[in-house]
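J.: Below is the structure I would like to discuss, written out as structure tokens.
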Amino acid sequence: MTTAEPPPFPMSVRHKEDYHIEATESLVERTLRTLKHDDLFAVFDSQGNFAGGALGPDGLFYKDTRFLSEFTLRLGGAVPLQLGSVLLDDNGAMVVDLTNADLHTDKGRVWLQRESVHLSRVKFLKDNASFERLRVRGYGPIGRAIAIDIAFDADFADLFEVRGTRRLKRGTQSFRRVSDAEVEFRYVGLDHVVRRTLVEFTPPPSALGNRTAHWDMDLDAEAEQGIVIRTCCLIDGEQPAVESIAEAFRSAHKERREMASQRASLDSSNPQFDAVIARAWSDLDMLVTETEHGPYPYAGVPWYSTIFGRDGIVTAMLMMWCAPYFARGVLNTLASLQATEVDPASDAQPGKILHERRGGEMAALGEVPFRRYYGSVDSTPLFVMLAAQYYERTADIDTIREIWPNILAAIEWIDTYGDVDGDGFVEYARMTEKGLSNQGWKDSSDSIFHSDGRLAQGPIALCEVQAYVFAAKKGAAVLAARIGDSDLSAKLAAEADDLQDKFQAAFWIEELGTYALALDGDKRPCEVLASNAGHCLFAGIASPAHAARIATLFAGKRFNSGWGVRTIAVGEARYNPMSYHNGSIWPHDNGLIALGLARYGHKKETLAIFEGIFDSAIYDDLRRLPELFCGFERRRRQGPTSYPVACSPQAWAAATPFALVAAAIGCQVDPQSSSLQLDHPVLPKFLDDLTIRDIAVGDARIDLRLSRVDGDVTTAVLKRSGDVVVTITK
1406 MTTAEPPPFP
1416 MSVRHKEDYH
1426 IEATESLVER
1436 TLRTLKHDDL
1446 FAVFDSQGNF
1456 AGGALGPDGL
1466 FYKDTRFLSE
1476 FTLRLGGAVP
1486 LQLGSVLLDD
1496 NGAMVVDLTN
1506 ADLHTDKGRV
1516 WLQRESVHLS
1526 RVKFLKDNAS
1536 FERLRVRGYG
1546 PIGRAIAIDI
1556 AFDADFADLF
1566 EVRGTRRLKR
1576 GTQSFRRVSD
1586 AEVEFRYVGL
1596 DHVVRRTLVE
1606 FTPPPSALGN
1616 RTAHWDMDLD
1626 AEAEQGIVIR
1636 TCCLIDGEQP
1646 AVESIAEAFR
1656 SAHKERREMA
1666 SQRASLDSSN
1676 PQFDAVIARA
1686 WSDLDMLVTE
1696 TEHGPYPYAG
1706 VPWYSTIFGR
1716 DGIVTAMLMM
1726 WCAPYFARGV
1736 LNTLASLQAT
1746 EVDPASDAQP
1756 GKILHERRGG
1766 EMAALGEVPF
1776 RRYYGSVDST
1786 PLFVMLAAQY
1796 YERTADIDTI
1806 REIWPNILAA
1816 IEWIDTYGDV
1826 DGDGFVEYAR
1836 MTEKGLSNQG
1846 WKDSSDSIFH
1856 SDGRLAQGPI
1866 ALCEVQAYVF
1876 AAKKGAAVLA
1886 ARIGDSDLSA
1896 KLAAEADDLQ
1906 DKFQAAFWIE
1916 ELGTYALALD
1926 GDKRPCEVLA
1936 SNAGHCLFAG
1946 IASPAHAARI
1956 ATLFAGKRFN
1966 SGWGVRTIAV
1976 GEARYNPMSY
1986 HNGSIWPHDN
1996 GLIALGLARY
2006 GHKKETLAIF
2016 EGIFDSAIYD
2026 DLRRLPELFC
2036 GFERRRRQGP
2046 TSYPVACSPQ
2056 AWAAATPFAL
2066 VAAAIGCQVD
2076 PQSSSLQLDH
2086 PVLPKFLDDL
2096 TIRDIAVGDA
2106 RIDLRLSRVD
2116 GDVTTAVLKR
2126 SGDVVVTITK
């Protein structure tokens, strides 16, 4: 299937990125702490400060705008010494312990030795407000008042400005002192939206300037003193909440407890694995935002803290076995945002599912196309696929009936607008030059290419998108039968079978032993070894023989670095282990691949991915999986190489450990027959025992313990509430 090709492209030429995230400084060099609650998130340094500006994504952000760009603390006129800095295990707050440095008089003498004063900072977010409690305590006589100084500022930068996009014009900004304890920053954008930042101090500062607050604390008179700071982010007519700091903290904690009660829990014989799982749950709880249509996992902080269609769907898929409520919220939210008309400026067409929604000034003005942007080719079939998986897992026919018109509209889009040239495959070609040039999950501008490195020209049909369409129609056929439309059910099932045959003929590259990355606009295959083929296993379109060959490839060193499967195999023309999509390692990609390998019975290869991804997580100080990391080969006694501007936390990365567990133990739940099946369960070498509690099977619940003994896995039912039949296939 080779054809004569033009000369290879010069590798020194770098293709212009779509909405490139500017990186003048690696985030890896800095210890950043992230908090989020609904539409508000904050990025701090390890002392709980942020300077914003050109230093990176630091600041307090609300609905895609930075409402506070500077917030720095000094103790005794000097930068404090850091004792400790942690996020609580549930991500509920950041806790920092500081002490004074040696403090000098004007003549250079030390008037206060270091470590004489302890200062603790507790910071958390709730709704549209950031809260901080400072506690200052002196140990022994101080001899004079010690100064606490806070500098603060608000630049109201749009998130895309923070990412590096330059603007020619901005709105107008003003400042006023509301009282001796409160200041207000005000910004009237070019979109005529009024954005305000209120900063309130209790007790009032000794001196309050335009952008500074100062307290003189006499710790000899009162050894322990405190300050509470509340920062409210307000858009147009929004008003500050009336909750006290204690009420806000209790309310946020109650929300997290309620979320935890809806899902299965995992614990094991390995404390490090338990820490990875605990952090993953905490990250997901933090990233989930309560929308009017249910909980939705925002994609990631700092760059993607908003609704992304693809990310939300994949996160819900990875979590389906243990937390199906994610899927219900995602389905209802995306159904409400489904496109109903053609709009070239937003790449929208009737029936298409959202790619991304933004709430900032630049999106409102059309400076970026993402106010409601539909430029992803895979979100629509993935939406239908998720609906089918959700019904299979929960038997919740009421939700399916509510979104059935949306499912039908999505299928109509697949068959009409999705098939640009009528060849039976779904392709993409953007309608606006402002849109994304590549519209699959690998959406970098250089991520779809031929074996000689030349970029593919569209319309482009990605291999995994055809797999998603196959699974979507198979699943929709089941749903149609349940709804009562047997004719549509038969039609969809037949179309899925036809697509599978066409796909095998057009995409399989015998010489490579894998599926082509894509077909370009001339129907020439991109003969590149790419991880996308693993998604074809996940969706079930692959033949068993083809799946076996792909499994062998993924187990080899060209793909598997020892930390996981690379996006592009070593040796391909555009391979670069430091690239975003052409040689890096993405946890969620590996999670989908592992589920695909397990689907076809390749458990050895599944465990290899599980073990590599787990090992990578334990090198992170928070036991957290980032959005991605570099694809360099694993080296002894060294952790994985970080990607400089990866989001952390990222929703589908946090969901990956749960998908890896499901792939290993082969967990399949059928609520209609009240059964739970474990298909050839295996455990990785780092787990001797795994206990899973509160697996929902319809209205019933069950607790299981799996134990690895002499290479085999035994299963015990610890607790059963309701009628659940457990079957194990070995």
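Add 1405 to a position in the sequence shown, counting from 1, and you land on the number used in this note's numbering. All C-beta atoms, glycine included, are put in the ideal place defined by N, C-alpha and C.
From Phe1912 to Arg1979, what distance separates their C-alpha atoms?
T.: If you take the alpha carbons of Phe1912 and Arg1979, they lie about 20 Å apart.
J.: I'd like to know if the segment 1651-1671 and the segment 1561-1571 are in contact, where contact means that at least 3 CB-CB pairs between them fall below 8 Å.
T.: No contact exists between the segment 1651-1671 and the segment 1561-1571.
J.: Contact defined as beta carbons within less than 8 Å: I believe Thr1636 pairs with Leu1736. What is the distance between those atoms, to the nearest angstrom?
T.: Wrong, their Cβ atoms sit about 35 Å apart, outside the cutoff.
J.: Consult DSSP for Leu2111 and reduce its assignment to one of helix, strand or coil.
T.: The answer is strand: DSSP assigns Leu2111 an E or B state.
J.: Under the three-state reduction of DSSP, which class applies to Thr1607: helix, strand or coil?
T.: Reduced to three states, the DSSP call for Thr1607 is strand.
J.: Just to confirm the assignment: which complete alpha helix (DSSP H) runs, minimum length 4, are found wholly within the segment 1672-1720?
T.: Whole alpha helix (DSSP H) segments, 4+ residues: 1676-1692.
J.: Per DSSP, which one or two residues make a beta bridge with Leu1445?
T.: Per DSSP, His1442, Tyr1467.
J.: Look up Gln2082 in the DSSP assignment and give the residues it is bridged to.
T.: For Gln2082, which the question treats as bridged, DSSP gives the partners Gln2073, Thr2132.
J.: Whole angstroms is fine: what's the gap from Arg1471's alpha carbon to Asp1558's?
T.: Looking at the two C-alpha atoms, the distance is approximately 10 Å.
J.: If we count the other Cβ atoms within 10 Å of its Cβ and call it buried at 16 or more, is Gly1827 buried or exposed?
T.: It counts as exposed.
J.: To the nearest angstrom, how far is it from the Cα of Arg1954 to the Cα of Ser1687?
T.: Rounded to the nearest angstrom, the two C-alpha atoms are 37 Å apart.
J.: Could you tell me the alpha carbon to alpha carbon distance between Glu1427 and Gly1705, rounded to whole angstroms?
T.: Low per-residue confidence applies at Glu1427: pLDDT is 47, beneath 50, and the placement is therefore not dependable enough to give any value.
J.: Cα separation between Thr1477 and Gly1461?
T.: Each residue's alpha carbon lies about 15 Å from the other.
J.: Kindly indicate the opening and closing residues of the beta strand (DSSP E) around Ile1802.
T.: Counting along the chain, Ile1802 falls outside any beta strand (DSSP E), though it belongs to the alpha helix (DSSP H) covering 1802-1820.
J.: Going by other Cβ atoms of all chains shown within 10 Å of its Cβ, with 16 needed for buried, is Asn1615 buried or exposed?
T.: Exposed, since its Cβ has fewer than 16 Cβ neighbours within 10 Å.
J.: Return the CA-CA distance between Pro1702 and Leu1517, expressed in angstroms with no decimal places.
T.: Cα to Cα, Pro1702 sits roughly 48 Å from Leu1517.
J.: Count the other C-beta atoms from every protein chain shown that fall within 10 angstroms of the C-beta of Gly1489, then say buried if there are 16 or more, exposed otherwise.
T.: With fewer than 16 other Cβ atoms within 10 Å, it is exposed.
J.: What are the start and end residues of the alpha helix (DSSP H) that includes Thr1799?
T.: Where Thr1799 is concerned, the enclosing alpha helix (DSSP H) stretches over 1784-1799.
J.: Could you tell me whether the segment 1893-1901 touches the segment 1965-1974, using the rule of 3 or more Cβ pairs below 8 Å?
T.: No contact exists between the segment 1893-1901 and the segment 1965-1974.
J.: Apply the 10 Å Cβ neighbour rule to Glu1430 and answer buried if 16 or more other Cβ atoms are within range, or exposed otherwise.
T.: Residue confidence is low: Glu1430 scores 49 on pLDDT, short of 50, so the model does not pin down where it sits. Its coordinate-derived value is still stated next. Classification for Glu1430: exposed.
J.: Which complete beta strand (DSSP E) runs does the segment 1578-1643 hold, if anything under 3 residues is left out?
T.: Complete beta strand (DSSP E) runs here, min 3: 1587-1593, 1599-1607, 1617-1622, 1629-1640.
J.: Looking only at C-alpha atoms, which of Arg1549, Phe1606, Gly1545 sits nearest to Ala1556?
T.: The residue with the shortest Cα to Cα distance from Ala1556 is Phe1606.
J.: With DSSP as the reference, please indicate the residues paired to Pro1930 in a beta bridge.
T.: BP columns for Pro1930 point to Leu1924.
J.: Say whether the segment 1726-1741 touches the segment 1817-1826, bearing in mind that this needs 3 or more beta-carbon pairs closer than 8 Å, one atom from each stretch.
T.: No, because fewer than three Cβ pairs between the segment 1726-1741 and the segment 1817-1826 fall closer than 8 Å, the two stretches do not touch.
J.: Which same chain residues end up closer than 6 Å to Lys1468 when comparing Cβ atoms and leaving out the 5 residues on each side of it in sequence?
T.: Excluding sequence neighbours, Lys1468 sits near Asp1444, Gly1764.
J.: Return the chain-ordered list of same chain residues with a C-beta closer than 6 Å to the C-beta of Asp1623, the five sequence neighbours on each side being excluded.
T.: Closer than 6 Å at Cβ, skipping near neighbours: Ala1550.
J.: By Cβ distance, which residues of its chain are closer than 7 Å to Asp1494, with the 5 residues on each side in sequence left out?
T.: Hits under 7 Å: Ala1683, Ser1687.
J.: Are Thr2132 and Ser2080 closer than 9 Å when you measure CB to CB?
T.: Closer than 9 Å, so yes.
J.: Here's the rule I'm using: 16 or more other beta-carbon atoms within 10 Å means buried, otherwise exposed. How should Phe1854 be labelled?
T.: So Phe1854 counts as buried.
J.: Excluding the 5 residues flanking Ala1935 on each side, which residues of the same chain have their C-beta closer than 6 Å to its C-beta?
T.: Only Leu1922, Ile1973 meet the Cβ criterion.
J.: Looking at the unbroken beta strand (DSSP E) that takes in Gly1543, where does it start and where does it end?
T.: Element bounds for Gly1543: 1534-1543.
J.: Within 10 angstroms of the Cβ of Pro1810, are there 16 or more other Cβ atoms? Answer buried if so, exposed if not.
T.: So Pro1810 ends up on the exposed side.
J.: By the 10 Å Cβ neighbour count, where 16 or more other Cβ atoms means buried, how is His1597 classified, buried or exposed?
T.: Exposed.
J.: Cα separation between Ile1650 and Phe1536?
T.: Rounded to the nearest angstrom, the two C-alpha atoms are 7 Å apart.
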